[in-house]
Amino acid sequence: MSEQEIRVPDLGGADEVEVIEILVSAGDSVAEEDPILTVETDKASVELPSPSAGKIVKIIVKVGDKIKEGDVVGMLSSDGASSDGASDDASDDASDNNSAPEPEPKAKDDAPAKSDDSARKPAAASDNKAKPADTGSVTYEAPAAGSKVHAGPAVRKLARELGADLARVKGSGPKSRIIKDDVHGYVKDQLQQAQQGAVVPGTGSSGIPGVKLPDFSQFGEVEREGMSRMMSVTALNMHRSWLNVPHVTQFEDADISDMEDFRKSLKPLGEKKGVKMTPLPFMLKACAAALAELPQFNVALDMDRKEVVHKKYIHIGIAVDTPYGLMVPVIRNVDQKGLWELAAESAELAQKARDKKLKPAEMQGACFTITSLGGIGGTAFTPIVNTPEVAILGVSKAAMKPVWDGKAFQPRLMLPLSLSYDHRAVNGADAARFTSALARLMGDIRTLLL
Ligand code: CAO
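Numbering (our numbering), first residue to last: 850 to 1299.
Now the structure itself:
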């Protein structure tokens, strides 16, 4: 075991660069070429690789520091083993499973934050291999079966956020390692191709022509503002779902008169417990029961492998309106929790969302989403499925309505439900069964206990 300095390598002509991300900490094991730091030159962001395999002793620079070629940035205790291609691959796998900066969900096929799953699972069979579009612009080959992706945790995180399939991105770093600029370039090219009407191979994009903006200032005063990161990521996710999923929305009214009487009767107890019981926990319970009753809604479609992924857990996302945009924290094992626990947990997660304190893991792994606009208003809407989930329940504002009981009209409190679903996974009859089950369960909450 010997200690060696980690020095800044040749920066390709850049004089001084800024450290923008530190990717390892003392005690981490690294393979040769594993990324240690990300630095930003005036042209690109680049990951500085480890000179050899070993254990990080210390990193002596911090984010914001300016460094140049030859500077010492840390110490590595080297075991003398120089890594070959095989260990390089191993390091990539390790970065997938252990050292990624955000926790990965257990179920590899289920990351609502739009993971680069396809980089982790076997590539599509060769007969499904997409051919590059003949557009004259940059095209990307579908990955060869079993091909490895060489990219560090920060690059993988970026690719997940932007929805880029790393297996299709060409690496321009050392040993064809993918760097952040490759991901940005890939996404940019895909968008350009989509705007030009090209079908981007393997993306499922329909290649619709882009919307040309007029010069708005000819009509009146305007001001331009950069989109926040959250807004651009949400826009991309919505667009992807909208283009990839054949949506249908099923409507139903649930009679929640008795449920509301019961909920209101819980108010004094809620005050004692310091927990507000809103209609949301009842909806969560009802959705969990409906998902158990109709498990065809608790799936994801793997179109590459032509497989249906059946989930044996019931985690439900709740859409939360925040000043920064829409966030979807996830409540785990809803079927195993009681109403008070669900009320406390949903209030806590909603508050965390509004305070921007949600951890990535708290927004991953949902099987289904509830988006409730009931506290605001409206009679119905058509929510967009939060892929790779296959259904989402939109809830509008409950209202008193005259309901015919066979002899007379009775004033009943009716809750409008809008279930959007992926028609590839679910058929219309099952959707009607699902909303009927919700109406039945919320209409008589004693059935939630069954
Ligand atoms: N009908 C009538 N009233 C309802 C209702 C419904 N469907 N749902 C909630 N309410 C009432 C609640 O009972 C509460 O009333 P009181 O204060 O008198 O008890 C009031 O509306 C406010 O409830 P709330 O919104 O604070 O709590 P909630 O548990 O119902 O919802 C949350 C929590 C996080 C879902 C909600 O705050 C929220 O952010 N909703 C917006 C979600 C969104 O933006 N979706 C759009 C996604 S697509 O762009």
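Virtual Cβ for every residue (Gly too), placed ideally from N, Cα, C.
Per-residue burial, residue i [other beta carbons within 10 Å of its own, 16 or more giving buried]
i, result
"D1254", "exposed"
"G1069", "exposed"
"S931", "Unreliable placement is indicated for S931, whose pLDDT of 39 sits below 50; the coordinate value is still reported in the next sentence. S931 should be labelled exposed."
"S940", "Any reading at S940 must be qualified, since the residue scores a pLDDT of 36, below 50, and its modelled position is unreliable; no value is offered."
"A1013", "buried"
"V1239", "buried"
"L1180", "Residue identity check: residue 1180 is Ile in the sequence provided, not Leu. By the 10 Å Cβ count, I1180 comes out buried."
"V1060", "exposed"
"S1221", "buried"
"S1090", "buried"
"Q1185", "exposed"
"E882", "buried"
"K1037", "exposed"
"L925", "buried"
"D1293", "exposed"
"Q1099", "buried"
"S927", "buried"
CB-CB length for residue i against residue j, believed under 8 Å
i, j, result
"S1267", "F1217", "With a Cβ gap of about 14 Å, S1267 and F1217 do not count as contacting."
"L1262", "M1291", "Incorrect: roughly 11 Å between the Cβ atoms, too far for contact."
"V805", "K911", "A query on residue 805 cannot be resolved here, the shown segment of the chain reaching from 850 to 1299 and no further."
"C1136", "I1219", "6 Å"
"V1252", "D1104", "7 Å"
"L1143", "A1286", "7 Å"
"G1022", "E889", "Wrong, their Cβ atoms sit about 15 Å apart, outside the cutoff."
Residue closest to residue i, alpha-carbon to alpha-carbon, out of the options
i, options, result
"D859", "K917, G913 and I885", "K917"
"I1057", "I1028, L1092, I1225 and I905", "L1092"
"A1281", "S1269, L1062 and R1017", "S1269"
"F1258", "V1183, R1181 and M1249", "M1249"
"K904", "K911, V895, V873 and P1209", "V873"
"T1228", "H1164, D1102 and A863", "D1102"
"K907", "V879, G913, K915 and E889", "V879"
"A1149", "I1167, A1141 and P1237", "P1237"
"A902", "V888, E852 and V895", "E852"
"D877", "D914, L1062, G923 and Y1035", "G923"
"A1138", "T1284, D1038 and V1004", "T1284"
"D1204", "T1171, V1177 and K1116", "T1171"
"K1246", "K1256, N1235 and G1226", "G1226"
"Y821", "V1244, G1022, V1183 and E889", "This structure cannot settle anything about residue 821, because the visible part of the chain is limited to 850 through 1299."
"G1166", "E870, R1073, L1242 and L1298", "L1242"
"K915", "P884, E870, S899 and P900", "E870"
"L1011", "S1066, E1074, Y1035 and A1288", "Y1035"
"A1288", "G1075, V888, V1244 and K1256", "V1244"
"P1178", "R1009, N1235, L1298 and G1223", "N1235"
Cutoff 6 Å; reference residue i; Cβ partners in own chain excluding five residues on either side
i, result
"H1272", "P1095 and V1097"
"E1109", "L1262"
"M1087", "I1233"
"V921", "E854 and R856"
"P819", "With the chain represented from 850 up to 1299, any question about residue 819 goes unanswered, as that position is not in the structure."
"A1199", "V1169"
"G1174", "M1079, M1080 and T1083"
"A1000", "L1015 and I1027"
"N1147", "L1140, K1160 and C1216"
Cut-off 7 Å between Cβ atoms - residues of its own chain near residue i, not counting five sequence neighbours on either side
i, result
"A1278", "none"
"D864", "K917"
"S1106", "R1261 and L1262"
Proximal residues to residue i (C-beta, below 8 Å), its chain only, five neighbours per side dropped
i, result
"V1124", "W1189, A1192, A1193 and A1196"
"R1295", "none"
"S1025", "H999 and K1019"
Closer than 8 Å to chain C by CB, residue i
i, result
"S1021", "No chain C is part of this structure, which consists of one protein chain only."
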